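The sequence shown finishes on residue 417 if you use the working numbering, and the numbering steps up by one all the way, no holes.
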Amino acid sequence: VLEQMLELLEQEEAQQPLDDIRDWWQQIEQWRARHCLRYDDQSDKIKPQAVIETIWRLTQGDAYVTSDVGQHQMFAALYYPFDKPR
């Protein structure tokens with residue numbers, strides 16, 4: 332039964348046109364254009380956003396990243412550009 336379900340899911344994924352999500356991606360690009368993640372990077376205090384961005388810059392994404400839940404998790408998700416899942 333599980334094998335049949337997986338086959339059906341694969342068929343559905345292959346049939347879904349990209350046009351179905353085009354509007355969603357346009358909305359995401361509009362949000363990104365607002366630069367809503369900008370922060371004061373000229374402050375004399377260390378900002379958590381700057382720390383996460385610096386870690387990415389030094390590792391170029393070649394690192395294992397873990398965090399606690401909550402705000403730390405949000406900073407990592409927003410300021411460390413992951414290109415691999417989990």
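Idealized CB from N, CA, C, for every residue including glycine. Model, not experiment: these values are computed from the prediction.
Nearest to residue i by alpha carbon, out of the options?
{"i": "Phe406", "options": "Gln342, Met336, Gln373 and Glu384", "result": "Glu384"}
{"i": "His403", "options": "Tyr395, Leu339 and Gln380", "result": "Gln380"}
Using a 10 Å radius around the Cβ and a threshold of 16 neighbouring Cβ atoms, would you call residue i buried or exposed?
{"i": "Tyr370", "result": "exposed"}
With a threshold of 8 Å on Cβ separation, who are the neighbours of residue i within its own chain once the five nearest residues in sequence on each side are excluded?
{"i": "Asp414", "result": "Gly392"}
{"i": "Pro412", "result": "Trp387 and Gly392"}
Just to confirm my understanding: we take residue i, look at its own chain, exclude 5 residues before and 5 after, and list those with CB closer than 7 Å. What are they?
{"i": "Leu409", "result": "Leu368"}
Open item on the list: Would you call the segment 378 to 398 in contact with the segment 351 to 358, where contact means no fewer than 3 C-beta pairs closer than 8 Å?
Closed with: Output reads no: the segment 351 to 358 does not touch the segment 378 to 398.
- [ ] Pair every Cβ in the segment 334 to 342 with every Cβ in the segment 370 to 379, then say whether three or more of these pairs are closer than 8 Å.
- [x] Fewer than three beta-carbon pairs drawn from the segment 334 to 342 and the segment 370 to 379 are found closer than 8 Å, and the two stretches are therefore not classed as touching.
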